[in-house]
Each structure stands twice: as C-alpha cells, then as structure tokens.
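Undergrad:
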Amino acid sequence: MASQKHQFIVGLVIKKIRQAGYEITAVDGKYPGLLGDKLPTPPTVLRHRPDVVGINEAGQVCIGEAKTEEDAFSKRTIEQIDDFSMLELNGFLCELTIGVPADIKTAFVSLLRSYGFISRKNINVFYVPSEIISDKTTKF
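First residue of the sequence shown: 694, per the working numbering; consecutive thereafter.
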C-alpha cells in the first residue's frame, strides 16, 4: 500500500497534469476531491504500472509518477523513467511528469543526469517543498 506521503504527491501530480491540459483517464488510488468518481487503475506499461495517466485533445498521453525518499533511487524508478519517457502512443512521445520531495532534489537531478534522462525534453520534474509533505500535513 502506498504511503500517505506518496498519495499526497500523487494528488499534486494529478493537479500538474490537469494544469498542462490533460484529462485524467486512469489513476492508481482514490482521489474523490480531485477526480470525483473512481477512475480505472492504469494498465501496466512495459514493465510497470504508472500512478497516473492522462490524455490531451490532440491525443498525446501524459504519464505521472510520485516519488518519495524511500523509492526515488530504486531500480524500479529508473526502469519507470526509462520506459515511460521513451514510449510513443498516438504518434506522440509520452510526456512524463514526476513529483519529488524538494529535500532530495540535488540527488534526484544527479540520478537523472547519470542515466541520461536529463536531456529528455518530455520529462517534467517538479519538487514539492518539505513543509507541505511532512508527516503532520499528509495525514488524511
């Protein structure tokens, strides 16, 4: 089961993707305040299931991922970034939006750089200030 911190960051990823003009079509979890009725769970994409999937009017797909200090540097995360950012659907390279705690920004940028992800223009990372994702503020 996802941690409360992870769920909170997924909620922010959903907001970011919607602000970019995508309609959320699948999400792993329940977010009634953001999405109303429960949407379907995303399908497995290559090796992993994403947290969020959206599509825009042109048919471009955006995949969203939330990362915490516990999983941001895992083999799974590296595989997800590689798979999701190289995926082409509907004639477009998929956008990948990743929410990461700001406390690990320097190390996460190093990870992106070391695997060559930093140059992929379809990867969008935003960093969440620790003040809004502390254990005290993420309890539902």
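Don't be surprised by glycine CBs; every beta carbon is placed ideally from N, CA and C.
(1) Below 8 Å, can you find three or more Cβ-Cβ pairs linking the segment 815 to 823 to the segment 788 to 803?
(2) Going straight from the alpha carbon of Asp776 to that of Ile702, what length do you get?
(3) From which residue to which residue does the beta strand (DSSP E) around Phe819 run?
(4) Enumerated in chain order, which unbroken segments of the beta strand (DSSP E) with a length of 3 residues or greater are wholly contained in the segment 702 to 746?
(5) Could you tell me the distance, in whole angstroms, from the CA atom of Thr761 to the CA atom of His699?
(6) Tell me whether Thr761 sits in a helix, a strand or coil according to DSSP, three-state version.
(7) With 16 other CB atoms within 10 Å as the buried threshold, where does Leu805 fall?
(8) Compute the distance between the beta-carbons of Cys787 and Val754, then report whether it is under 8 Å.
(9) What would DSSP say about Glu788, mapped onto helix, strand or coil?
(10) Between the alpha carbons of Val706 and Gly757, how many angstroms are there, rounded?
(11) Please report the Cβ distance between Glu716 and Gly747, rounded to the nearest whole angstrom; I am assuming they are in contact, meaning their Cβ atoms lie under 8 Å.
(12) Determine the extent of the alpha helix (DSSP H) in which Ile771 is found, giving its start and end residues.
TA: In short, the structure shows the following:
(1) Enough Cβ pairs lie closer than 8 Å, so yes.
(2) Spanning the two alpha carbons is a distance of roughly 21 Å.
(3) Residues Ile816 to Val821.
(4) You should have 716 to 720.
(5) For Thr761 and His699, the distance between alpha carbons rounds to 6 Å.
(6) In the structure shown, Thr761 sits in coil (DSSP, three-state: anything other than H, G, I, E or B).
(7) That one is buried.
(8) The Cβ-Cβ distance between Cys787 and Val754 falls below 8 Å.
(9) It is a strand residue.
(10) Counting only the Cα atoms, Gly757 lies some 6 Å from Val706.
(11) That belief holds up - the Cβ atoms of Glu716 and Gly747 are roughly 6 Å apart, short of 8 Å.
(12) Per DSSP, Ile771 belongs to the alpha helix (DSSP H) from Lys768 to Met779.
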